[in-house]
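Asker: Each residue of the sequence shown is one higher than the one before, starting from 1 at the first, in full-length UniProt numbering.
Below is the structure I would like to discuss, written out as structure tokens.
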Amino acid sequence: MPAFDEISIDTFQARLARGESQPLDWWHACRARIAEREPEVQAWQHLADATPPPPGEGRLAGVPVGIKDIIDTRDMPIGWGTDYLHSPGALMDAPLVSLLREQGALIMGKTVSTEMAYFTPGRTRNPLDPARTPGGSSSGSAAAVADGMVPLSFGTQTAGSIIRPASFCGVFGFKPTFDLVSCAGAKAFSPSLDTLGWFARTIDDICTPFSALTRAPAITALPSLAGVRVGLRSLPGDEALAPEVRQALDEVAGRLERAGAEVVPLPLDGRFDGLVEEQKVVMAYEAAQTLAGEYRQFADRMGPKLVELLEAGRALPFVRYREARAQAAALQPVLSRAFAEQVDVILAASAQGVAPKGLDATGDPLYCRAWTLLGVPCLNLPLCRGEGGMPLGVQLVGDRFGDERLLTIARTLMQATP
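Structure, rendered in structure tokens:
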């Protein structure tokens, strides 16, 4: 059986076409890796019980996939990251899972989520240092990909739950434009923020699922990044970036320039920095509404961080929520004008530093909150190292529905400076 630790989805499809691999080869290789590493990493909430039948044809034929344990599957249990809720399976697959199966993907199992996809950690450890958090809330999905257990896994982001764990675990993490991939069948937390996304070890394996799930044309690299304008701007910008984060941004800016891009500061006005607090308001208010039944029945069993958020949301007046939504709506066209007139993508911090030591917290999503509220596509680039040699990502941000442009620029960058 050929090695699978370095191949891409497209390479595997080519092997299948030439008869050099069998449809279940990647599945068996991943099961062997899981058997070896799962006792330490603990990325999985549930594994598929049996070897699946050979997959049909599709862009993802034979690709083993992890699914976050807040997303419905008809043939696997779901626990939403809790110890007080459990279902043996959903009536039907979430649309995401149905689309993956249609494309020939093989669902390996359900990956560990934090409680209700909020801050109470699950049992997953960072595969690069088991004494550190993998991030959250898509903890198991990021860790499983980082450790080579699957080439592709899916999670959700409501604040920073894809970009932050991708940064901590050293993988690519992609949050598409809000609602581009249907969130139906995923446990709602804050419906105007919740976004489905995915993790992979290569940019190619971010791009191929994008085309498969959205029916967009294949993402191909440009000859160079000549003419591409990159704006430097983290949100919030009034927070002093840690030296290692600033160094990572400078390093990736240098890579972009060597690939032909122009990198310049992007002068967004201070109202954008305030979106960090507005995101907190929207998330708390909507979570209190969405999880009203769970709070009523299980508040005494919920983690204290979740209870604190839900009670804060219950105390928020509607007018404050309306103001937060209005502020975001007012700034979305301002940001789109900046993309149209000044830059093609934005280069920003993904996290405040490397994965923190300890397993009792999942890190702060500070540098992701505003972008999530704005509904724009974001991609973590796992190109740098920080303290202790741990991964430290930065993110590229695009305009709403500018996902193809964002991924094209990222693929060109990785081809030019691998």
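Where is the CB? At the ideal position from N, CA and C, for every residue including glycine.
(1) From G402 to D300, what does the alpha carbon distance come to, in whole angstroms?
(2) Helix, strand or coil for M390 per DSSP?
(3) Of all the options P52, L249, K68 and W27, which has the alpha carbon lying nearest to the alpha carbon of L392?
(4) Can we say the segment 300-316 touches the segment 237-245, given the rule of at least three CB pairs closer than 8 Å?
(5) Candidates V41, A48 and T82: which alpha carbon is nearest P130's?
(6) Kindly identify the DSSP beta-bridge partner or partners of E262.
(7) Between which two residues does the beta strand (DSSP E) harbouring F199 extend?
(8) Got a sec? Which residues, its chain only, sit under 6 Å from E262 by beta carbon, not counting five neighbours each side?
(9) How would you label G293, buried or exposed, when you count the other beta carbons within 10 angstroms and need 16 or more for buried?
(10) Touching or not, the segment 45-56 and the segment 190-210, by the rule of three or more beta carbon pairs under 8 Å?
(11) Taking T133 and N126 to be in contact with their CB atoms under 8 Å, please state how far apart those CB atoms are, rounded to whole angstroms.
(12) Considering only residues of the segment 358-386, which uninterrupted alpha helix (DSSP H) runs meet the minimum length of 4 residues and lie entirely inside it, listed in chain order?
(13) Touching or not, the segment 363-382 and the segment 158-176, by the rule of three or more beta carbon pairs under 8 Å?
(14) Should S87 be labelled buried (16 or more other beta-carbon atoms within 10 Å of its own) or exposed?
(15) From the beta carbon of I219, is the nearest beta carbon of chain B less than 7 Å away?
(16) Which same chain residues, not among the five before or five after L47, have their C-beta less than 6 Å away from its C-beta?
(17) Count the other CB atoms, across all protein chains shown, that sit within 10 Å of the CB of M92; report buried if there are 16 or more and exposed otherwise.
Answerer: The short version:
(1) 43 Å
(2) coil
(3) L249
(4) no
(5) The residue from V41, A48 and T82 with its alpha-carbon nearest to that of P130 is V41.
(6) R229
(7) Unbroken beta strand (DSSP E) run through F199: T195 to A200.
(8) R229
(9) Per the 10 Å Cβ criterion, exposed.
(10) With fewer than three CB-CB distances shorter than 8 Å, the segment 45-56 does not count as touching the segment 190-210.
(11) 6 Å
(12) 366-374
(13) yes
(14) exposed
(15) Here chain B cannot be found, since the structure has a single protein chain.
(16) Hits under 6 Å: G109.
(17) Classification of M92: exposed, given that the 10 Å Cβ count is below 16.
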